[in-house]
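These notes are about the structure you will find just below.
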Amino acid sequence: MNIPEDLKYTKDHEWVRISEDGQTALIGITDFAQQELGDIVYVEIETEGEDIAGGEIFGTVEAVKTVSDLFMPLNGTVIEVNEDLEQSPEAVNEDPYGKGWMIKIQLQDADQSNLIDHQQYASLIGS
Amino acid sequence: MELKQIPLAQTHRELGARMATFAGFEMPIRYTSLVEEHMTVRERVGIFDVSHMGEFLITGAGALDLIQYTTCNDASKLSDGQAQYSCFINQQGGIIDDLLVYKIEQDHYLTVVNASNIDKDWEWLNQQNAFGATLTNLSPDICLFAVQGPLAAKTLQGLTEVALDSQKYYTFSIGTFAGVQDVIISATGYTGSGGYELYLPAKHAAKVWDAICEQGKSFGLKPIGLGARDTLRLEKGYCLYGNDLSDETTPLEAGLGWITKFSKSFVGADILQGQKEGGISKKLIGFTMEDRGIPRKDYRILDRSGDEIGVVTSGSQSPCLGIGIGMGYIRIENAGIDNEIFIEIRNKPVKAIIKKLPLV
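Top line first, the protein sequences correspond to chains P and H.
Position one of the first sequence corresponds to residue 1 (our numbering), numbered consecutively onward.
Position one of the second sequence corresponds to residue 1 (our numbering), numbered consecutively onward.
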């Protein structure tokens, strides 16, 4: 199970890569999450430009057999959506921490209390 | 409820299967990728362990009478070695279960029922048995492997002297398979890709499974989970009990008029006869998504003005078509082929078109 050490995680199986200046973050789902879901066939994110509170839904990921909500890890504004996933949703399976990124957000505040580090995430999934 | 185990559960775990509870059994859902497994069956050959299915032996002078009275298809038409798709019908005309009836010989039938309905069916059959038939629940003693796909005959022929290519659809032979005697080799399946279903004594499950996997190596055979079994059957428009069929839906509503025979008497026949004459008010249809979205069970079906006209009973992405497909019940006046309908996905209507089944 791939759990990069330089990322932060949520209990909802998302990863967060906060930029060096602390202003923006990239968000996707973890390797564990994509394995649990199976073949991902559709990533629906229609919240570009919206301010969303941490814990609220920013989109939906659909595998062949299941549908799962995507939860905002932090308070922020969705400033970019990975448009490549429209044509290639399988990138989430193949490269969850790279080409499979989902959104870029502008952070609204410094509150990171919902995030856990890679070790905490590893113990959460029993890895 | 205690989780039941099929004999080869550990074999599936060792093959890397994701296991999940289905109908009270811990079953392999997928081994690798559902899409890959699906395409393996469509293009080559796959093996499914569906040993959770139920089997009842019905024997004796009253066997045919009991089957005729409790099912809607006409089992008197069966020759020895022939199988038939049918339904158990309740007094309201609803479907208790869908099943296969195998005629082994006179007064000797095997019925194959859904795992989720074994207890319900068993109780019902015993209750209705005023015919003196002998009922034996063989479910725990029989394993069922489905070997499906265009290369199924080639894969299996090396393991039996039964001539598989000449085994017609919905017929079966009983013979020696992989050194195991009395295996029912049936040209049936739930994938629409052709192939066979093998009923064998549970104690020989590992031996037969291993032999098929060994033979299958040169044909690209893979183990296939229940996930792909569901997408394969949905593309072909085959009903799944609990989704598309229930105690509240009748065979006429489910598009199963072709197995509902009023030439004989059976439980619920009067209700169904009335429904046939008076017309049905809802009907099971298949559809494909026009706009992007994946239909799921229980999603509402709307008309153009947003009024509810039906409900999705099965839905998925189709691995073969690469779009969302589904089945559902819809008001008869909206059920025409090529009609435009809307599936309510996360509070948004998404356009779909009613299509003739099969969808693939």
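Ideal Cβ positions, reconstructed from N, Cα and C, are used throughout, including at glycine.
Keep in mind the model is a prediction, meaning the values are calculated, not measured.
Interface flag, residue i vs chain P, CB-CB below 9 Å
i      : result
H/P319 : yes
H/D298 : no
H/L34  : yes
H/R13  : no
H/T231 : yes
H/S316 : yes
H/I301 : no
H/R42  : no
H/R304 : no
H/I337 : no
H/I294 : yes
H/G286 : no
H/G242 : no
H/G227 : yes
H/R331 : no
Beta-carbon gap between residue i and residue j smaller than 9 Å
i      : j      : result
H/N347 : H/Y241 : no
H/P140 : H/A202 : yes
H/G225 : H/R18  : yes
H/I332 : H/I301 : no
H/M53  : H/L198 : no
P/E44  : P/V78  : no
H/L110 : H/L125 : no
H/L34  : H/T191 : no
P/I116 : P/T24  : no
H/G62  : H/N137 : no
H/V112 : H/Y102 : yes
P/L70  : P/I40  : no
H/T160 : H/V183 : yes
H/A365 : H/D74  : Chain H is shown only over 1 to 360; residue 365 of chain H falls outside these bounds and no answer can be derived.
Chain H contact for residue i (CB, 9 Å cutoff)
i     : result
P/T30 : no
P/G38 : yes
P/E62 : yes
P/Y97 : no
P/V78 : no
P/Y42 : yes
P/V67 : yes
Distance between beta carbons of residue j and residue i, contact taken as under 8 Å
i      : j      : result
H/G189 : H/Q148 : 5 Å
H/P358 : H/K236 : 4 Å
H/T288 : H/D244 : Not a contact, Cβ separation roughly 16 Å.
H/A9   : H/E26  : 6 Å
H/L284 : H/Y329 : 6 Å
H/K264 : H/Q127 : Actually they do not touch by this definition, with Cβ atoms about 20 Å apart.
H/D338 : H/I353 : 6 Å
H/L164 : H/A146 : At roughly 14 Å, the Cβ-Cβ gap does not stay under 8 Å, so H/L164 and H/A146 are not in contact.
H/Q273 : H/T250 : So it is not a contact: roughly 11 Å between Cβ atoms.
H/G268 : H/I89  : 4 Å
P/D51  : P/Q108 : 7 Å
Buried or exposed (CB count within 10 angstroms, at least 16 for buried), residue i
i      : result
H/D298 : exposed
H/S193 : buried
P/K104 : buried
P/A53  : exposed
H/Q91  : exposed
H/F177 : buried
P/P4   : exposed
H/K356 : exposed
H/L321 : exposed
P/G98  : exposed
P/E14  : buried
H/S186 : buried
H/L3   : exposed
H/M327 : buried
P/D31  : buried
P/M102 : buried
P/A110 : exposed
H/R233 : buried
H/S281 : exposed
H/S305 : exposed
- Message: Check whether the stretch 48–62 of chain H and the stretch 249–256 of chain H are in contact - that is, three or more C-beta pairs closer than 8 Å.
- Response: no
- Decide if the stretch 60–67 of chain P is in contact with the stretch 305–325 of chain H; the criterion is three or more beta carbon pairs, one per stretch, under 8 Å apart. yes
- Item | contact_flag[the stretch 286–297 of chain H, the stretch 80–98 of chain H] where n(CB pairs < 8 Å) is 3 or more | no
- Item | Validate contact between the stretch 23–35 of chain P and the stretch 25–35 of chain H using beta carbons, cut 8 Å, 3 pairs | no
- Item | Cβ pair count under 8 Å reaching 3, the stretch 79–87 of chain H against the stretch 161–175 of chain H | yes
- Query: Do three or more CB pairs link the stretch 1–18 of chain P to the stretch 69–77 of chain P at distances below 8 Å?
  - Reply: yes
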